[in-house]
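Just so you know, the sequences run in chain order A and B.
For the first sequence, our numbering assigns the number 31 to the initial residue and increments by one for each residue that follows.
For the second sequence, our numbering assigns the number 57 to the initial residue and increments by one for each residue that follows.
Only one structure is covered here, and it is reproduced in the block below.
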Amino acid sequence: MIRNTVYDNYELVVGLEVHAQLSTNTKIFCADSAAFGAEPNCNISPISLGLPGTLPKLNQKVVEYAIKLGLATNGTINKYNAFDRKNYFYADLPKGYQISQDAKPISVGGHIEVNLKDGTRKKIHLHHIHMEEDAGKSMHDQDPFNSCIDLNRAGVPLLEIVSEPDLRSSEQAAQYLTEMRKLLRYLDICDGNMEEGSMRCDANISVRLKGSKEYGTRCEVKNMNSIKNVQRAIDFEFKRQIDVLEAGGTITQNTLNFDASTGVTSVLRTKEMANDYRYFPEPDLLPVVVTDEYIKSVQAELPLLPEQLIHKYTTEYGLPEYDAIVLTDNKQFALYFNEVVKFTSNYKAAANWMMGAVKSYLNDQVIEITSFQLKPKQLAAIINLIDDGRINNSVANQQVFPELLKHPEKNVEQLTHELEVFIEADDNELIGFIDQVLDKYPEKVKEYHKGKKNLIGLFMGDVMKLSKGKIDPKSANKLMIDRLELHK
Amino acid sequence: MKIDRNVVEKIAHLARLDVENVDESVADMSRILTFMEKLNELDTSNVEPLVYLTEEVNAFREDVVKQEITHEEALKNAPDADENFIKVAKVIEQ
Numbered sequence: 031m032i033r034n035t036v037y038d039n040y041e042l043v044v045g046l047e048v049h050a051q052l053s054t055n056t057k058i059f060c061a062d063s064a065a066f067g068a069e070p071n072c073n074i075s076p077i078s079l080g081l082p083g084t085l086p087k088l089n090q091k092v093v094e095y096a097i098k099l100g101l102a103t104n105g106t107i108n109k110y111n112a113f114d115r116k117n118y119f120y121a122d123l124p125k126g127y128q129i130s131q132d133a134k135p136i137s138v139g140g141h142i143e144v145n146l147k148d149g150t151r152k153k154i155h156l157h158h159i160h161m162e163e164d165a166g167k168s169m170h171d172q173d174p175f176n177s178c179i180d181l182n183r184a185g186v187p188l189l190e191i192v193s194e195p196d197l198r199s200s201e202q203a204a205q206y207l208t209e210m211r212k213l214l215r216y217l218d219i220c221d222g223n224m225e226e227g228s229m230r231c232d233a234n235i236s237v238r239l240k241g242s243k244e245y246g247t248r249c250e251v252k253n254m255n256s257i258k259n260v261q262r263a264i265d266f267e268f269k270r271q272i273d274v275l276e277a278g279g280t281i282t283q284n285t286l287n288f289d290a291s292t293g294v295t296s297v298l299r300t301k302e303m304a305n306d307y308r309y310f311p312e313p314d315l316l317p318v319v320v321t322d323e324y325i326k327s328v329q330a331e332l333p334l335l336p337e338q339l340i341h342k343y344t345t346e347y348g349l350p351e352y353d354a355i356v357l358t359d360n361k362q363f364a365l366y367f368n369e370v371v372k373f374t375s376n377y378k379a380a381a382n383w384m385m386g387a388v389k390s391y392l393n394d395q396v397i398e399i400t401s402f403q404l405k406p407k408q409l410a411a412i413i414n415l416i417d418d419g420r421i422n423n424s425v426a427n428q429q430v431f432p433e434l435l436k437h438p439e440k441n442v443e444q445l446t447h448e449l450e451v452f453i454e455a456d457d458n459e460l461i462g463f464i465d466q467v468l469d470k471y472p473e474k475v476k477e478y479h480k481g482k483k484n485l486i487g488l489f490m491g492d493v494m495k496l497s498k499g500k501i502d503p504k505s506a507n508k509l510m511i512d513r514l515e516l517h518k
Numbered sequence: 057m058k059i060d061r062n063v064v065e066k067i068a069h070l071a072r073l074d075v076e077n078v079d080e081s082v083a084d085m086s087r088i089l090t091f092m093e094k095l096n097e098l099d100t101s102n103v104e105p106l107v108y109l110t111e112e113v114n115a116f117r118e119d120v121v122k123q124e125i126t127h128e129e130a131l132k133n134a135p136d137a138d139e140n141f142i143k144v145a146k147v148i149e150q
């Protein structure tokens with residue numbers, strides 16, 4: 031029996047704000063390198079230092095990348111874009127304001143679809159996407175008396191992706207982040223590395239009684255550096271907020287910090303301490319006007335995205351949806367598969383090899399597909415040898431593939447020849463092997479005729495061993511059935 | 057808008073200014089705002105706010121890295137710095 035708890039009476043409501051650092055060469059408003067990992071305060075300029083008299087100048091790539099993501103998430107691209115100043119004082123923001131977009135963001139609305147564990151798909155709507163600059167980094171533990179400021183990150187371009195409060199479980203939140211990261215990587219506009227902070231997430235979390243139309247008071251949780259931690263923070267907040275409400279309390283709209291080591295949230299800022307940002311138009315930057323032609327040209331350059339690839343694989347290649355989802359999980363993996371099927375039309379076999387032998391080899395070696403030593407053409411050559419009945423599947427898996435991994439410079443045909451595993455046995459030889467095996471198991475042959483038809487697998491296994499794999503399983507199977515009739 | 061001590065104190069805090077004579081500022085700011093209210097006599101309900109004093113749009117920069125100043129030059133004008141970082145009063149307590 032499933033016990034109902036008080037938690038079952040409540041529904042979770044979550045909206046996520048994702049900050050994606052764009053992989054441009056330079057910052058959003060100046061020509062300093064935007065690369066991660068330089069020595070402190072080396073990627074700097076008078077503009078990123080916020081010196082008086084400097085003027086920002088917009089990086090065209092940032093607009094292009096923002097439109098790419100807007101289109102990929104089905105948003106409406108704003109034709110007239112303006113920037114605004116978001117005013118607040120903090121030591122890693124030398125100007126005293128962040129240049130952001132408030133009233134006229136680059137993309138409005140849109141949605142992405144996520145796969146859930148129960149096999150369903152859910153549409154998560156976006157509120158908007160806007161362009162802004164990142165702040166510098168403050169370090170509080172390097173010096174006992176001071177905070178240390180590194181402005182390398184100040185001015186690195188960000189897209190802030192704001193979802194509607196459509197998420198109803200921590201699993202949905204995790205899937206949303208996974209899909210968003212996949213999209214950013216497919217578009218090649220952000221590396222999506224949460225540990226290094228190039229993708230960051232804040233969660234707005236509230237609860238309400240099931241069936242209620244009103245939203246509860248929300249809390250914003252910051253500082254989660256992995257998808258797992260976002261999930262943990264949401265699960266923790268769900269219970270905490272219900273506990274407060276059930277004890278007769280009310281939720282206060284606070285900004286919370288999540289401590290990954292304890293799994294607990296704590297108050298970072300109360301509503302009273304909340305900043306009054308006093309947004310106003312940034313007079314130092316001209317508005318950005320985007321034409322239909324420009325949007326069309328960006329659209330034309332978009333790569334096939336996971337959803338479109340899944341559609342192509344299932345309709346054009348006839349693959350099961352499960353295979354299509356696994357193959358497109360990683361962009362480079364999907365690109366490799368696309369190459370393989372240029373050289374073989376056995377799409378299902380190509381998918382099986384990719385998801386089986388190739389994937390487990392990559393996992394064992396802890397390497398990415400981009401470091402895989404075999405060329406797509408070589409993998410296709412193995413598949414074609416099997417399809418042409420020239421080697422059998424188990425020989426391909428257990429001998430040709432492993433040997434080719436050791437000698438990736440070799441030609442598949444030549445290697446198979448060296449291994450002496452081409453199917454050579456003619457029918458007479460084959461019949462010899464089969465009879466030998468059937469003579470070995472007179473009892474089993476009787477059982478076969480009484481109805482235990484799956485014993486054929488055992489016979490075939492032995493025939494395979496005797497022939498050292500150099501037989502074509504299809505014709506061997508056919509001959510086996512003929513010979514069994516003669517062994518009645 | 058009614059300017060009182062609370063408003064002045066709030067604005068002073070937002071601007072991180074230490075206002076010595078709050079009452080004087082209340083009077084000054086009230087006078088300025090009353091003067092500006094003269095503008096409300098005009099009906100501007102159909103006029104878009106003027107933000108830019110030019111008709112130009114789309115001033116872009118190519119995405120090419122340029123190192124304009126050195127690390128040493130960057131730290132030169134900081135009130136306090138070591139060889140790596142700009143140093144400021146401790147922002148949070150450990």
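Positions of the beta carbon are idealized from the N, C-alpha and C atoms, including for glycine.
Taken through DSSP and simplified to helix, strand or coil, A/Met224 comes out as coil.
Burial check for A/Tyr40: the Cβ neighbour count within 10 Å reaches 16 or more, so the residue is buried.
With a threshold of 16 other beta carbon atoms within 10 Å, A/Ser53 meets it and is buried. Nearest CB-CB separation between A/Pro135 and chain B: not below the 8 Å threshold. A/Arg238 is positioned such that its CB atom lies closer than 8 Å to that of A/Val43. Contact annotation: A/Ile179 and A/Asp122 have beta-carbon atoms nearer than 8 Å.
Going by DSSP, A/Val475 is part of the alpha helix (DSSP H) stretching over 472 to 480. In the DSSP annotation of this structure, the continuous segment of the alpha helix (DSSP H) that includes A/Ser505 starts and ends at 503 to 516. Annotation for A/Ser327: the continuous alpha helix (DSSP H) segment containing it runs 322 to 331.
Residue contact with chain B for A/Lys372: absent (no Cβ-Cβ distance below 8 Å to any residue of chain B). When only Cα atoms are considered, A/Tyr391 and A/Lys405 end up about 14 Å apart. Rounded to whole angstroms, the Cβ separation of A/Ser193 and A/Leu156 is 6 Å, and the two are in contact under 8 Å. With respect to the C-alpha of A/Asn305, the residue from B/Glu65, B/Glu104, B/Leu70, B/Ala130 having the closest C-alpha is B/Leu70.
In the three-state reduction of the DSSP assignment, A/Gln128 falls in the strand class. For A/Leu213, the closest alpha carbon among the candidates A/Ala102, A/Asn71, A/Ser78 is that of A/Ala102.
For A/Ser177 and A/Lys436, the gap between their C-alpha atoms comes out near 53 Å. Looking at the DSSP output, A/Lys167 bridges to A/Asp180. In this structure, the alpha-carbon of A/Gln338 lies about 14 Å from that of A/Glu209.
When Cβ-Cβ separations below 8 Å define contact, A/Ser424 makes no contact with chain B.
Counting the other CB atoms within 10 Å of its CB gives A/Asp353 a total of 16 or more, which places it among the buried residues.
Assigned with DSSP and collapsed to three states, B/His127 falls in helix. At a Cβ-Cβ threshold of 8 Å, A/Phe119 and B/Arg72 count as neighbours. Listed in chain order, the positions of the segment 57 to 82 of chain B with a beta carbon within less than 7 Å of a beta carbon of chain A are Leu70, Arg72. Flagged as an interface residue toward chain A: B/Lys122, by a C-beta distance shorter than 8 Å. By the Cβ rule, the segment 482 to 493 of chain A counts as touching the segment 501 to 517 of chain A, because three or more pairs are nearer than 8 Å.
In summary, A/Glu351 is exposed, with fewer than 16 beta-carbon neighbours lying within 10 Å of its beta-carbon over all protein chains present. If you compare the alpha carbons of A/Thr295, A/Ala68, A/Leu335, A/Ile257 with that of A/Glu143, the shortest gap goes to A/Leu335.
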